[in-house]
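> Below are the structure tokens for one structure; questions will follow.
Residue numbers (the numbering used here): 54 to 166.
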């Protein structure tokens, strides 16, 4: 299961239902992590790491359940969410810089762990 850390402000907004997306920079680090998560969900996954970002920009990718943690401590609060991944511009009120593209994790079925 993919685990991502998240700041408290966004953590609380997601748990309250106010925020339904989380953003990650378009970097090779996330290309690899998100592709691997998609492969775990879909056993016969065709995209190479180098092609994954372009694929995610055209078709939402189901990456399964993601664990979001508020901090790095072993007892850090966390929640689980079923996520679909796409690429696009995020909402500034949810932390995105206007005019910048991100990986967008669209969350459903958010639940405390």
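Using N, Cα and C, we set each Cβ at its ideal position, and we do this for glycine too.
Quick caveat, the model's predicted, so the values are computed rather than measured.
By alpha-carbon positions, which one of 130, 93 and 91 ends up nearest to residue 59?
Reading the chain shown from its first residue, position 6 is the one you call residue 59. For residue 59, the closest of 130, 93 and 91 by C-alpha to C-alpha distance is 130.
> Who are the Cβ neighbours of residue 105 in its own chain at under 6 Å, not counting the five residues just before and after it?
Taking the chain shown and counting its residues from 1, one reaches residue 105 at position 52. 84 and 88.
> Answer yes or no: do residue 116 and residue 134 have a C-beta to C-beta separation smaller than 8 Å?
Mapped onto the chain shown, residue 116 falls at position 63. Mapped onto the chain shown, residue 134 falls at position 81. Cβ distance not < 8 Å, so residue 116 and residue 134 don't count as in contact.
> Closer than 8 Å, CB to CB, is residue 149 near chain C or not?
No chain C appears in the structure shown, which is made up of a single protein chain.
> Label residue 146 either buried or exposed according to how many other C-beta atoms from any shown protein chain fall within 10 Å of its C-beta, with 16 as the threshold for buried.
The sequence position of residue 146 within the chain shown is 93, counting from 1. Residue 146 is exposed by the Cβ-count criterion.
> Sorted by chain position, which residues of the same chain lie with C-beta nearer than 7 Å to residue 93's C-beta, five sequence neighbours on each side aside?
Residue mapping note: residue 93 aligns to position 40 of the chain shown, counting from 1. Taken in chain order, the residues that qualify are 117.
> In the DSSP output, which residue or residues are listed as bridge partners for residue 57?
Looking up residue 57 in the chain shown gives position 4. The partner list for residue 57 (beta bridge, DSSP) reads 121.
> Beta-carbon separation of residue 68 and residue 109 under 8 Å?
Reading the chain shown from its first residue, position 15 is the one you call residue 68. Reading the chain shown from its first residue, position 56 is the one you call residue 109. Cβ atoms of residue 68 and residue 109: not closer than 8 Å.
> Apply the 10 Å Cβ neighbour rule to residue 80 and answer buried if 16 or more other Cβ atoms are within range, or exposed otherwise.
The count along the chain shown starts at 1 and reaches residue 80 at position 27. When all chains shown are included, residue 80 counts as exposed.
> Taking just the CA atoms, how far does residue 160 sit from residue 72?
The count along the chain shown starts at 1 and reaches residue 72 at position 19. The count along the chain shown starts at 1 and reaches residue 160 at position 107. In this structure, the straight-line span from the alpha carbon of residue 72 to that of residue 160 is close to 9 Å.
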